[in-house]
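Protein chains: 2
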Amino acid sequence: MRARLTLLAAALASGMAQAELRGSGDLGLVIERASGSVQIVETTTPRSLGRIEGLGDLSHATAVFSRDARHAFVFGRDGGLTKLDLLAGRIERRIVQAGNAIGGAISQDGRLVAVANYEPGGVKLFDARSLELVQDIPTGSKVVGIADVPGQGFIFSLFDGDAIWLADTGKGESGPRLTKFADIGRQPYDGLITPDGRHYIAGLFGEDGLALIDLWRPEAGARRILAGYGRGQEPLPVYKMPHLRGWAVAGGLAFLPAIGRHEVLVADTRDWKQVTAIAVHGQPVFAVARPDGRHVWVNFAHPRNDTVQVIDAAKLEVAHTLKPGRGVMHLEFTPRGDQLWLSVRDADRVEIYDTRGPSLIASLPAKAPSGILMAARAHRIGF
Amino acid sequence: MRARLTLLAAALASGMAQAELRGSGDLGLVIERASGSVQIVETTTPRSLGRIEGLGDLSHATAVFSRDARHAFVFGRDGGLTKLDLLAGRIERRIVQAGNAIGGAISQDGRLVAVANYEPGGVKLFDARSLELVQDIPTGSKVVGIADVPGQGFIFSLFDGDAIWLADTGKGESGPRLTKFADIGRQPYDGLITPDGRHYIAGLFGEDGLALIDLWRPEAGARRILAGYGRGQEPLPVYKMPHLRGWAVAGGLAFLPAIGRHEVLVADTRDWKQVTAIAVHGQPVFAVARPDGRHVWVNFAHPRNDTVQVIDAAKLEVAHTLKPGRGVMHLEFTPRGDQLWLSVRDADRVEIYDTRGPSLIASLPAKAPSGILMAARAHRIGF
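This is the structure:
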């Protein structure tokens, strides 16, 4: 009897510890880059729900989310792929799948996780449930800028191959069908899918301009846009290449971090011609649009990374300047845009703003935080 | 000892029944209009997780979702407001808050639920946690087309008042600050927020054309767009006024169900001028864009409601015609667009399509299903 009671009590306790019944729509992850750990946060209170350790090298780490927003797949720089259970607060599975990786993506139906690898260069596809290898796509090149595309596929760029590949994974057992785009420009270093899911744009490290593919008309191939976008003929000192993934699109305009200049460029998304340039505090790294598009938040490269500016997308000028502290690494909105979360690496904290003022509403301790990733990314194309 | 054991066992059993640990991102609701019930579904398998009964009159019912995607707030025609716990599979709270209601919305921060009432005419704001009344906004008119707007507020139209009101609920305790737009046209009957969160558009029952408010410049007031949109000078027989809320925006174009005509109209979202009209099978009711914008799915009014057509948004022509059966009431995509769910009322079933073919992948029994609402609406402005 006592034994049964103990068993029951243990089951109850473990059930309660693991199974705090809660929705997963307001969860998020904070990457703690120096300690190989992440914090699970929720945005409603807001607060931290706990820390998970043992994720390896998380410098430059990113993550994608399962379609039920319960699991995160964290891509580490050391080739580690870690599946986290956000509700149970633990690592569900972890593999080291390559020597050096740069990021990943999850398929539209949530069944495949793709990892972009530097060493050996290529893309590996894993079963999202088991993390078993499903397919290996060697490329003979470092792979960058991977994203899911509508209709079960992935698109990515080959840094050493001067190419963009589209892998259609939805056509049965014989492996993905590959479409290879050449003549895209030299050394693509990052890529993104536009928020409407239609265009893939790759930044070029080896020359000025960007490569654009219209996913509605892949047969048209890549075309070059924004010829002046880049490091220029006489390169300026570039402290950090900006993240394309942070591009903001608002009101038919794209807001791009300029490279090497203290400017955010504004381009018309219909013809991808530059409309204007907005003077900002430093070399921008991320320019992220609030979900309603009215404001674009910008952070900056070292040594000006203590500052964040907010651009008014209607007036095309800086509306607010904030000084959160040294090492503002990343900006992330809650899905409807009521809050903005940012990481202040050197101050070991995450700050949370009400986006209306903006005004600081909360601050959470974190160890050298970098990326902040909301679980609602599960529901967005290209994230 | 036995008592403690029984208590523990009961707690464990109820804990297990309630607490199947699962994410909420892939959940959805199917409204069963005739029986006052809903089914909770999940899209990953896909399958039904169960039925909840006792929700009152669900003809023309709709729902919004909490920011953690755990709870749904169902607005019944009889003035009932029911808060469902999707994870526990039960009614958490239910009130009858008016004699006759038409819909509702949830605030950007998830704290307030607003209900638009016909009788007595007005908007009531409730605490999303407790369903306690927070604020009453009498309007002296039936209220239609309510939606949340960025920055803690709601916008709605007064059918009898020929007006649109914007209620800012974010400015402290003294109640919402109201901005009233007059001269918007006669008898607004529905309204929507454009997917980018910037514009509110109201349809007019009393005259042709639509009223548009730019939320970035509310001081500019309402302006009239698409002067030819409506029942026309010599009204055609209109079997069902189309739902504005179904409007598709894809690739800079809006796809609108024409009123009384067998056409889907296409307008440029920059100047809201009509670009073309696409001939379709019947009088369209909903025209819904797949999240990547490439396809627009359309259903039709009685007596042609056994058919669904798929428009190719690049070619601006019908690409596919499906015949699911009599009484296709509603269409809903999964958030990344891999699946389309539709309700076939007279066949008592819900059909689920892989949107690539499209091809039917599953069919679920349901009692006279009408609305299908995915929990990921929690993360979208204006839903």
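Those sequence lines, one after another, are chains C and P.
According to numbering that gives the first Met the number 0, the residues represented by the first sequence are 0 to 382, in order.
According to numbering that gives the first Met the number 0, the residues represented by the second sequence are 0 to 382, in order.
In this text, a Cβ means the ideal position worked out from N, Cα and C, and glycines have one as well.
Because the structure is a prediction, the values reported are computed rather than measured.
Open item on the list: Using 8 Å for Cβ pairs, my map puts Phe332 (chain C) next to Leu339 (chain C). What's the rounded Cβ distance?
Closed with: 5 Å
Task: Classification of Ala288 (chain P) by the beta-carbon crowding that lies within 10 angstroms, buried from 16 upward - done: buried
Task: Residue interval of the beta strand (DSSP E) (run including Phe89 (chain P)) - done: Here the sequence assigns Arg to residue 89 (chain P), which means Phe is not the residue at that position. Arg89 (chain P) -> beta strand (DSSP E) spans Arg89 to Val95.
Task: Cutoff 7 Å; reference Arg69 (chain P); Cβ partners in own chain excluding five residues on either side - done: Ser23, Asp84, Leu85 and Leu86
Task: Boundaries (first-last residue) of the beta strand (DSSP E) holding Asn99 (chain P) - done: Asn99 to Ile105
TODO: Using a Cβ cut-off of 7 Å (strictly closer), state whether Ile360 (chain C) contacts chain P.
DONE: no
Open item on the list: Can you look up Pro217 (chain C) in the DSSP assignment and give me helix, strand or coil?
Closed with: helix
- [ ] From the DSSP output, read off the bridge partner residues of Gly202 (chain C).
- [x] C:Asp189 and C:Leu209
TODO: Please decide whether Ser129 (chain C) counts as near chain P, where near means a Cβ-Cβ distance under 7 Å.
DONE: no
Task: Leu372 (chain P) to Leu330 (chain P) span [Cα, whole Å] - done: 9 Å
Open item on the list: If we require 3 or more residues per run, which beta strand (DSSP E) segments fall completely within the stretch 325 to 365 of chain C?
Closed with: 327 to 332, 338 to 343, 348 to 353 and 358 to 364
Task: Per-residue DSSP class, three states only, for His70 (chain P) - done: strand
Task: Under 9 Å from the C-beta of Ala68 (chain P): neighbouring residues of chain C - done: Gly22, Ser23, Gly24, Asp25, Ala68 and Ala375
Open item on the list: Does any residue of chain P have a CB that is nearer than 7 Å to the CB of Trp390 (chain C)?
Closed with: Here chain C has residues from 0 to 382 only, and residue 390 (chain C) is not among them.
Task: Inter-stretch contact at 8 Å, needing at least 3 Cβ pairs: the stretch 23 to 33 of chain P / the stretch 218 to 228 of chain C - done: no
Open item on the list: Strictly under 7 Å for the Cβ-Cβ distance: is Pro334 (chain P) near chain C by that measure?
Closed with: yes
- [ ] Return the residue from the list C:Arg89, C:Asp67 and C:Ala60 that minimises the CA-CA distance to Asp79 (chain C).
- [x] The sequence shown places Gly at residue 79 (chain C), rather than the Asp named in the question. Of the listed residues, the one whose Cα sits closest to Gly79 (chain C) is C:Ala60.
Task: Residues from the stretch 89 to 113 of chain C in contact with chain P, defined by Cβ distance under 8 Å - done: Gln107, Asp108 and Gly109
Open item on the list: Helix, strand or coil for Leu243 (chain P)? Go by DSSP, reduced to three states.
Closed with: helix
Task: Buried versus exposed, by CB contacts within 10 Å (16 or more), Pro194 (chain P) - done: buried
Open item on the list: For His283 (chain C), tell me which candidate among C:Ala318, C:Pro241, C:Arg269 and C:Val148 has the shortest Cα-Cα distance.
Closed with: It is worth fixing the name first, because residue 283 (chain C) is Pro in this sequence and not His. The shortest C-alpha separation from Pro283 (chain C) is found at C:Pro241.
Task: Proximal residues to Ile183 (chain P) (C-beta, below 7 Å), its chain only, five neighbours per side dropped - done: Asp161, Ala162, Ile163, Ala201, Ala210 and Ala221
Task: beta strand (DSSP E) runs wholly inside the stretch 136 to 164 of chain P, at least 3 long, in chain order - done: 142 to 148 and 152 to 157
Open item on the list: Considering only their Cβ atoms, is the gap separating His319 (chain C) from Phe299 (chain C) smaller than 7 Å?
Closed with: no
- [ ] Find the residues of chain C that neighbour Gly174 (chain P), judging by a C-beta separation of less than 9 Å, and give them in chain order.
- [x] Per Cβ cutoff of 9 Å: no residues; Gly174 (chain P) is ~18 Å from chain C at best.
- [ ] Assign His378 (chain P) to buried or exposed, taking buried as 16 or more other Cβ atoms, counted over all protein chains shown, within 10 Å of its Cβ.
- [x] buried
Open item on the list: Only counting the same chain, and skipping five residues up and downstream in sequence, which positions put a Cβ closer than 6 Å to that of Ala346 (chain C)?
Closed with: Gly324
- [ ] Can you tell me which of C:Lys366, C:Lys314 and C:Ile380 puts its alpha carbon nearest to the alpha carbon of Ile51 (chain C)?
- [x] C:Lys366
Open item on the list: Quick check on this structure: which residue in P:Gln151, P:Glu131, P:His261 and P:Gly88 has the alpha carbon closest to the alpha carbon of Pro302 (chain P)?
Closed with: P:His261
- [ ] Pull up the distance between the alpha-carbon of Pro334 (chain C) and that of Ile212 (chain P), whole angstroms please.
- [x] 23 Å
Task: Neighbour-count burial assignment, Val95 (chain C), 16 or more Cβ in a 10 Å radius - done: exposed
Task: Pair within 7 Å by beta-carbon distance, Pro149 (chain P) and Gly336 (chain C) - done: yes
Task: Gly190 (chain P) versus Ala146 (chain P) - alpha carbon distance - done: 8 Å
TODO: Might you give, ordered along the chain, the residues of its own chain that have their beta carbon closer than 6 Å to the beta carbon of Asp56 (chain C), omitting 5 neighbours on each side?
DONE: Gly75, Arg76 and Asp77
Task: Cβ-Cβ distance between Ala369 (chain P) and Ser342 (chain P) below 7 Å - done: Note that residue 369 (chain P) is Ser in the sequence shown, not Ala. Closer than 7 Å, so yes.
TODO: Starting from Leu86 (chain P), find everything on chain C with Cβ-Cβ shorter than 9 Å and list it in chain order.
DONE: Leu20, Arg21 and Gly22
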